[in-house]
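A.B. asks: Numbering (our numbering), first residue to last: 438 to 906. Below is the structure I would like to discuss, written out as structure tokens.
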């Protein structure tokens with residue numbers, strides 16, 4: 438819930454509405470709601486973060502109020518709006534139990550702008566004490582976004598909650614009357630991928646050791662040698678620690694020649710078959726996420742082996758299924774653990790459905806099939822469509838030179854890396870489409886229409902450096 442809200446805020450900024458403006462809008466919405474109520478004098482309790490910042494903004498519009506600053510404001514916007522409220526002469530007091538009781542007696546109603554969606558677990562002091570006092574006050578209480586202590590054992594019993602953009606999971610009658618308010622988040626922030634998706638990327642900790650940041654395995658190659666190498670390298674460029682490539686032995690040296698960073702395991706025979714599954718069992722068991730498909734070809738035995746491998750490990754592993762392996766998932770329950778990355782033609786092989794050009798209809802069909810297959814589908818196209826059957830987003834960030842062979846293999850490798858980093862499939866697919874598109878745009882600035890898939894590889898770390906802070 439917290440991260441979803443932050444993603445929306447970041448994406449709103451990406452699409453032209455600043456967090457500063459969102460806070461201003463939120464504060465005004467709160468004030469507008471107070472004017473509909475039969476109360477004159479308000480007491481506002483503000484926390485240290487942006488929830489408190491909303492309260493400081495609201496005070497400027499309400500005017501007939503006083504504020505208790507429960508904790509010193511910490512975020513830039515909360516500090517700025519604290520200073521604005523103070524400059525207007527609105528009384529602001531530091532918290533003390535005595536002052537709280539005094540101001541409760543003087544006010545008609547209370548605004549709770551203490552803690553928002555970023556706080557988890559049981560309440561610490563003085564919030565625990567304050568909530569107990571407020572719950573016994575008998576005053577009307579309006580909470581900002583969620584009541585303080587939401588989900589904890591000690592929770593504020595609000596009479597009304599003004600929540601922003603979407604009703605948060607778990608909100609019910611304990612939150613009082615719920616008012617869903619529009620604070621100006623553009624529809625693109627929810628419907629399209631944007632820089633907010635980078636908040637899902639887990640930054641490595643200083644005590645990390647090899648393997649902690651993701652281990653991937655690519656099962657690919659046979660007819661083609663470049664595809665599995667590109668995918669594995671893109672996973673490494675996305676920040677995975679180890680990348681294994683399982684390919685037929687006769688191309689092992691070719692695949693290994695792409696980079697000494699690849700760990701290549703040869704498999705007997707000219708193509709991937711069910712007999713090979715046991716040979717690579719140790720590699721699959723080490724991997725956090727497995728990519729099946731790049732360069733495998735569409736031999737019937739190979740497709741059969743793909744589905745056998747997936748079935749064997751699906752309860753414990755996450756998969757990305759790309760290229761010719763996509764057709765093997767026909768009528769298959771992916772258990773919510775597979776990202777499928779088809780283009781228009783591969784989507785038809787998978788579903789039997791031809792996609793129209795009209796975006797609304799495309800989105801509807803992709804969402805239906807994601808639900809049927811219980812998978813996340815990342816449909817590659819002039820506009821990428823990502824859906825897990827419940828949620829759907831589009832990605833417009835890429836360019837027409839990305840039709841070059843191998844860019845889809847790079848995308849599949851990025852998706853696999855993000856799954857290996859324990860990012861949920863839908864979020865992995867959204868972020869991988871964004872990283873791939875941004876890397877492609879950076880490469881296009883240099884190479885124009887002569888851009889190659891290998892040019893994208895070199896830009897992936899730059900994209901991550903720019904947006905993972």
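Where a beta carbon is used, it is the ideal one built from N, C-alpha and C, also for glycine.
(1) Can you tell me the Cα-Cα spacing of residue 540 and residue 578, whole angstroms?
(2) Output needed for residue 461: all residues of its chain with C-beta closer than 8 Å, excluding positions within five of it in sequence on either side, in chain order.
(3) Are the stretch 664-671 and the stretch 843-851 in contact at 8 Å, needing three or more beta carbon pairs?
(4) Under 8 Å Cβ to Cβ from residue 545, same chain only, skipping five residues before and after it: list those, please.
(5) If you compare alpha carbons, which of 841, 674, 804 and 715 is closest to residue 683?
(6) Taking the beta carbon of residue 692 as the centre, do at least 16 other beta carbons fall within 10 Å, making it buried, or is it exposed?
(7) Which same chain residues, not among the five before or five after residue 757, have their C-beta less than 6 Å away from its C-beta?
(8) State the start and end residues of the unbroken beta strand (DSSP E) segment that holds residue 617.
(9) If I'm right that residue 673 touches residue 680 with Cβ under 8 Å, what's the distance once you round it to whole angstroms?
(10) Work out the CA separation of residue 832 and residue 629 for me, nearest whole Å.
(11) In chain order, what residues of the same chain have a beta carbon less than 7 Å from the beta carbon of residue 830, not counting five sequence neighbours either side?
(12) Could you tell me the boundaries of the alpha helix (DSSP H) in which residue 744 lies?
(13) Answer yes or no: do residue 746 and residue 708 have a C-beta to C-beta separation smaller than 9 Å?
(14) Do you know whose CA, among 654, 842, 608 and 689, lies nearest residue 891's CA?
(15) Buried or exposed, going by whether 16 or more other CB atoms sit within 10 Å of the CB of residue 840?
(16) Buried or exposed: residue 553, going by 16 or more other Cβ atoms within 10 Å of its Cβ?
(17) When DSSP labels each residue in this structure, what does residue 628 get in the three-state scheme?
(18) Looking at the strands, I want to know which residues DSSP matches up with residue 756.
(19) Output the residue ranges of the alpha helix (DSSP H) runs that lie fully inside the stretch 534-606 and measure 4 residues or longer, sorted by chain position.
(20) Could you check which residue in 783, 819 and 844 has the C-alpha nearest to that of residue 834?
(21) Looking at the secondary structure, which residues open and close the alpha helix (DSSP H) in which residue 459 lies?
(22) Just to confirm the assignment, what range does the beta strand (DSSP E) spanning residue 704 have?
(23) If you check the beta carbons only, do residue 534 and residue 563 fall under 9 Å apart?
(24) When you compare the stretch 588-604 with the stretch 783-798, are there three or more beta-carbon pairs, one atom per stretch, that lie closer than 8 Å?
(25) Could you give the C-beta distance for residue 810 and residue 802, rounded to a whole number, given that I count them as a contact under 8 Å?
(26) Mapping DSSP to helix, strand and coil, what is residue 671?
(27) Whose C-alpha, out of 510, 808 and 549, is nearest the C-alpha of residue 568?
(28) Give every residue of the same chain whose Cβ lies closer than 8 Å to the Cβ of residue 878, excluding the five residues on either side of it in the sequence, and list them in chain order.
(29) When the Cα atoms are used, what is the spatial distance from residue 724 to residue 845?
(30) Under DSSP, the alpha helix (DSSP H) around residue 685 begins and ends at which residues?
(31) Near residue 742, which residues of its chain fall below 7 Å by C-beta distance, leaving aside the five closest residues on each side in sequence?
(32) Hey, how far is the Cα of residue 588 from the Cα of residue 695?
(33) Can you list, in chain order, the residues of its chain with a C-beta nearer than 8 Å to that of residue 623? Leave out the 5 residues immediately preceding and following it.
(34) Enumerated in chain order, which unbroken segments of the alpha helix (DSSP H) with a length of 4 residues or greater are wholly contained in the stretch 804-883?
(35) Answer with buried or exposed for residue 650, where buried requires no fewer than 16 other C-beta atoms within 10 angstroms of its C-beta.
(36) For residue 531, report the span of its beta strand (DSSP E) as first-last.
C.D. replies: So, from the data block:
(1) 14 Å
(2) 494
(3) yes
(4) 476, 477, 478, 479, 576 and 577
(5) 715
(6) buried
(7) 728, 776, 849, 852 and 853
(8) 614-618
(9) 5 Å
(10) 6 Å
(11) 628, 629, 630, 823 and 867
(12) 737-750
(13) no
(14) 842
(15) exposed
(16) buried
(17) helix
(18) 727 and 775
(19) 534-543 and 564-572
(20) 819
(21) 456-472
(22) 700-704
(23) yes
(24) no
(25) With a Cβ gap of about 12 Å, residue 810 and residue 802 do not count as contacting.
(26) helix
(27) 549
(28) 834, 835 and 836
(29) 21 Å
(30) Counting along the chain, residue 685 falls outside any alpha helix (DSSP H), though it belongs to the beta strand (DSSP E) covering 679-685.
(31) 709, 710, 711, 713 and 714
(32) 51 Å
(33) 449, 452, 453 and 454
(34) 844-857
(35) buried
(36) 529-531
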